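Note sheet for the following structure.
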Amino acid sequence: MKTRRYITQEEWNAVMSVIPEYNDYVRDRCILIMMYIHGLRVSELANIQLSSLSLESSEIYIRRIKNGFSTTHPVQKEEKIWLLRWLDIRKTKLNGKDLPWLFISSRRSRISRQQVYSLVRYYGELAGLPIKLHPHVLRHSCGYALANQGLDTRLIQDYLGHRNIRHTVHYTAANCKRFSRVWSLGSEDIF
Numbered sequence: 001m002k003t004r005r006y007i008t009q010e011e012w013n014a015v016m017s018v019i020p021e022y023n024d025y026v027r028d029r030c031i032l033i034m035m036y037i038h039g040l041r042v043s044e045l046a047n048i049q050l051s052s053l054s055l056e057s058s059e060i061y062i063r064r065i066k067n068g069f070s071t072t073h074p075v076q077k078e079e080k081i082w083l084l085r086w087l088d089i090r091k092t093k094l095n096g097k098d099l100p101w102l103f104i105s106s107r108r109s110r111i112s113r114q115q116v117y118s119l120v121r122y123y124g125e126l127a128g129l130p131i132k133l134h135p136h137v138l139r140h141s142c143g144y145a146l147a148n149q150g151l152d153t154r155l156i157q158d159y160l161g162h163r164n165i166r167h168t169v170h171y172t173a174a175n176c177k178r179f180s181r182v183w184s185l186g187s188e189d190i191f
């Protein structure tokens with residue numbers, strides 16, 4: 001049997017609940033929320049620039065890598081609250097320094113891929129998850145969460161930036177809820 005490639009909603013809630021309130025608490029929450037909500041790869045997250053974000057219109061431009069389909073996503077209400085908090089903290093941390101990247105390290109430079117990997121892994125361990133959490137697990141979790149909402153495979157494909165639908169179908173194929181109505185009509189004749 002293959003190892004599960006995503007976390008459940010309950011596991012996601014557990015990860016969010018264990019992030020300790022320390023210096024980079026708000027930044028780390030933003031990072032995890034955005035990776036999960038937008039299905040971001042670690043490089044896509046690290047390369048987000050302030051110019052890609054419009055909080056006035058609640059939109060963010062997602063520049064996909066690996067020849068993916070780049071698009072604009074809506075910024076969700078709770079995500080926006082955390083982003084506003086992070087932008088205030090970021091401004092104070094930079095103390096007038098001008099950097100284009102949304103997420104910065106404690107050294108006041110663009111956050112590295114390795115730092116994001118370490119943060120995600122650390123919070124997964126802290127939450128006691130049954131699987132090893134890494135950034136791509138959050139991307140898969142986004143796909144599975146969207147499929148569990150009953151979204152069309154083509155919509156999920158566009159949302160995650162997949163050029164080929166073969167990369168998307170495993171999210172909907174694993175969604176057992178899609179079979180919920182299979183025996184509902186006429187099941188009294190069977191049992």
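With full-length UniProt numbering applied, the sequence shown closes on residue 191, and no number is skipped along the way. Every residue, glycine too, gets a C-beta built ideally from N, C-alpha and C. The structure displayed is predicted, hence computed values, not measured ones.
If I follow the unbroken beta strand (DSSP E) through residue i, where does it start and stop?
| i | result |
| --- | --- |
| T72 | T71 to P74 |
| Y25 | Premise fails: Y25 lies in the alpha helix (DSSP H), Y25 to H38, not in any beta strand (DSSP E). |
Am I right that residue i and residue j are in contact with their C-beta atoms under 8 angstroms? What's the rounded C-beta distance?
| i | j | result |
| --- | --- | --- |
| residue 206 | A46 | An answer regarding residue 206 cannot be provided, because it is not within the stretch 1 to 191 covered by the chain. |
| Y123 | L32 | 7 angstroms |
| K80 | S58 | 6 angstroms |
| L129 | E56 | With 8 angstroms as the limit, L129 and E56 do not qualify as a contact, their Cβ atoms being about 36 angstroms apart. |
| W86 | R27 | 5 angstroms |
| A145 | Q9 | 7 angstroms |
| G150 | S70 | Going by Cβ atoms, the distance from G150 to S70 rounds to 25 angstroms, so no, they are not a contact pair. |
| I62 | E44 | 7 angstroms |
| Y171 | G143 | 4 angstroms |
| I156 | R4 | With 8 angstroms as the limit, I156 and R4 do not qualify as a contact, their Cβ atoms being about 18 angstroms apart. |
So, helix, strand or coil for residue i, using DSSP?
| i | result |
| --- | --- |
| R63 | coil |
| A14 | helix |
| I48 | coil |
| I165 | helix |
| S54 | strand |
| Y110 | Looking at the sequence itself, residue 110 is Arg, so the reference to Tyr does not match. Residue state, collapsed to three classes: strand. |
| I19 | coil |
| I81 | helix |
| I131 | coil |
| I104 | strand |
| Q115 | helix |
Roughly how many angstroms lie between the CA atoms of residue i and residue j, to the nearest whole one?
| i | j | result |
| --- | --- | --- |
| R163 | V169 | 12 angstroms |
| residue 215 | H140 | The structure shown does not extend to residue 215, since the chain spans only 1 to 191, so no value can be given for it. |
| L138 | H38 | 9 angstroms |
| I94 | I19 | It is worth fixing the name first, because residue 94 is Leu in this sequence and not Ile. If I take the Cα positions, the gap works out to 23 angstroms. |
| Y6 | P135 | 10 angstroms |
| D152 | V75 | 20 angstroms |
| N23 | S54 | 25 angstroms |
| D98 | S106 | 15 angstroms |
| Y159 | H73 | 8 angstroms |
| R64 | A127 | 29 angstroms |
| G96 | V15 | 33 angstroms |
Terminal residues of the continuous alpha helix (DSSP H) containing residue i?
| i | result |
| --- | --- |
| D158 | T153 to L160 |
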